Amino acid sequence: MFSQFALPFLRGQAMVTLLQQFSQQYGEIVRLPLAPGRVLFLLDHPAYFKHVLVTQARNYIKASPYGLLKKEFGDGLLFSQGELWQRQRRMLQPGFHRKRVAGLTDTITAATAQLAHQWRSHAQTDQVIDIDKEMADVTRLITSLTLLSQDITEAIDAAQKPVESNLTMMLGTIPATPQHRQIKTAVHTLNNHIFSAIAARQNGQDTDKDDLLAMLLDTRDRKTGMGMDDQQIRDEIITFICAGYDTTSRGLTWTWHLLGQHPAVYDRLQAEVRGVLNGRLPTFDDLPHLPYTQMVVQESLRLMAPIWAIGRQAVEDDVIDGKRIPAGAYITMSPYLTHRHPDFWENPNQFDPERFTPERVAGRDKLAYVPFGMGQRL
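Numbering (this note's numbering), first residue to last: 504 to 881.
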């Protein structure tokens with residue numbers, strides 16, 4: 504189905520709720536006039552996602568909303584285009600091999616164990632825990648340590664706040680001047696931390712660290728043999744912060760929320776964890792032995808996808824399911840909507856980890872579940 508109407512700007516409603524109403528009322532392709540000469544298409548079917556992000560990916564670029572951030576955040580994988588993006592992806596992909604990812608597990612479990620110890624102390628005095636803040640704090644710490652082996656949590660927090668839940672950044676329709684000033688100041692502080700860490704490594708300090716900075720310093724382009732300069736390393740570190748911190752934090756918070764609402768699921772998850780770990784800290788090799796835990800996380804990400812909207816802009820005229828998409832049109836695809844599409848999910852608003860048993864996954868369109876998007880730019 505296809506519809507066109509004027510955009511009734513939010514009126515105080517949560518953005519995802521508004522998009523859901525659009526989709527339910529007007530169909531799987533909704534045309535939203537934003538301003539003279541500007542139009543946005545809202546898509547919610549997996550086939551349309553594949554068209555934009557995979558089949559015709561060259562015709563759909565990251566648009567001006569990302570440009571608002573790119574000026575300060577730089578040319579990391581999240582914001583770069585064309586040949587630069589291809590080069591950076593070629594250089595970074597080999598670095599994320601199993602051994603390196605497994606090597607980060609100790610850092611993650613140590614930070615988590617410290618948090619669990621604090622919670623046990625709080626429990627003895629019946630102290631209420633702000634789970635959203637706790638997940639944000641521990642995720643910032645883990646991000647800091649896995650990137651630079653140092654605590655830069657305050658700088659990450661300052662840089663992230665102006666970006667969170669910013670409709671203007673997504674649509675690119677209104678200058679976000681106050682946010683720009685906040686971002687500029689926060690990124691300046693981050694730059695000081697990052698460039699200082701780079702210089703220290705180049706001067707022979709902390710060379711025993713096996714963090715992501717070490718990987719960025721060591722990586723080489725297999726075509727040219729060249730490494731990254733300091734600015735590109737900085738841009739990639741900023742990208743890891745942007746892409747990883749907020750999505751992980753929110754995903755964890757929603758998982759705790761859903762477990763609190765479904766005690767039977769919580770009990771089964773706890774039994775699996777206790778049976779496998781028997782009180783010790785987890786390791787990377789434990790993950791295959793925790794299938795129900797994985798199913799719980801997958802179902803949480805289905806209901807509350809951390810990336811609830813993906814934006815692109817058409818370079819040339821195109822057609823999606825018989826509907827003309829003019830050059831310059833903005834495209835918004837929402838995993839939040841696709842994860843509730845009735846063609847793929849029975850009782851879609853129900854929390855049911857059993858949806859992700861191997862048998863049920865095998866019978867489902869793979870593109871119906873895209874909590875972090877799809878395509879080469881992942």
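All C-beta atoms, glycine included, are put in the ideal place defined by N, C-alpha and C.
This structure is a prediction, so every number in the text was calculated from the model and none was measured.
Cβ pair residue i, residue j closer than 9 Å
i: residue 816; j: residue 574; result: no
i: residue 741; j: residue 579; result: yes
i: residue 649; j: residue 659; result: no
i: residue 733; j: residue 603; result: no
i: residue 838; j: residue 811; result: yes
i: residue 641; j: residue 615; result: yes
i: residue 809; j: residue 754; result: yes
i: residue 873; j: residue 562; result: no
i: residue 840; j: residue 535; result: no
i: residue 706; j: residue 737; result: no
i: residue 795; j: residue 777; result: no
i: residue 722; j: residue 594; result: yes
i: residue 610; j: residue 785; result: no
i: residue 806; j: residue 852; result: yes
i: residue 605; j: residue 787; result: yes
i: residue 800; j: residue 854; result: no
i: residue 590; j: residue 789; result: no
C-alpha distance - residue i paired with residue j, whole-angstrom precision
i: residue 554; j: residue 542; result: 19 Å
i: residue 749; j: residue 827; result: 35 Å
i: residue 557; j: residue 657; result: 37 Å
i: residue 550; j: residue 761; result: 29 Å
i: residue 831; j: residue 526; result: 22 Å
i: residue 552; j: residue 843; result: 15 Å
i: residue 719; j: residue 701; result: 10 Å
i: residue 716; j: residue 865; result: 38 Å
i: residue 822; j: residue 532; result: 12 Å
i: residue 836; j: residue 524; result: 14 Å
i: residue 752; j: residue 632; result: 15 Å
i: residue 673; j: residue 710; result: Residue placement at residue 673 is flagged as unreliable, the pLDDT there being 46, under the threshold of 50; the coordinate-derived value follows with that caveat. Roughly 39 Å separates the two Cα atoms.
i: residue 758; j: residue 792; result: 20 Å
i: residue 653; j: residue 704; result: 13 Å
i: residue 519; j: residue 639; result: 21 Å
i: residue 862; j: residue 797; result: 15 Å
i: residue 876; j: residue 781; result: 35 Å
i: residue 779; j: residue 597; result: 31 Å
i: residue 765; j: residue 775; result: 16 Å
i: residue 661; j: residue 637; result: 16 Å
Status (buried if at least 16 other CB within 10 Å, exposed otherwise) for residue i
i: residue 622; result: exposed
i: residue 600; result: exposed
i: residue 684; result: exposed
i: residue 739; result: buried
i: residue 699; result: exposed
i: residue 814; result: buried
i: residue 626; result: exposed
i: residue 773; result: exposed
i: residue 539; result: exposed
i: residue 686; result: buried
i: residue 783; result: exposed
i: residue 803; result: buried
i: residue 856; result: buried
i: residue 577; result: buried
i: residue 689; result: buried
i: residue 731; result: buried
i: residue 583; result: buried
i: residue 643; result: buried
Residue i (DSSP reduced to helix, strand or coil)
i: residue 846; result: coil
i: residue 872; result: coil
i: residue 827; result: strand
i: residue 785; result: coil
i: residue 855; result: coil
i: residue 718; result: helix
i: residue 791; result: helix
i: residue 518; result: helix
i: residue 640; result: helix
i: residue 822; result: strand
i: residue 777; result: helix
i: residue 836; result: strand
i: residue 564; result: strand
i: residue 584; result: coil
i: residue 813; result: strand
i: residue 635; result: helix
i: residue 576; result: helix
i: residue 609; result: helix
i: residue 599; result: coil
i: residue 660; result: helix
i: residue 655; result: coil
i: residue 808; result: coil
i: residue 860; result: coil
Beta carbon proximity, residue i to chain B, threshold 9 Å
i: residue 715; result: Protein chains in the displayed structure number just one, and chain B is not present.
Whole alpha helix (DSSP H) runs in the region 705–774 with 4 or more residues, listed along the chain? List check, alpha helix (DSSP H) in window: 715–721, 733–764.
Hey, which unbroken runs of the alpha helix (DSSP H) at 4 residues or more fall wholly within the region 518–556? 518–529, 549–553
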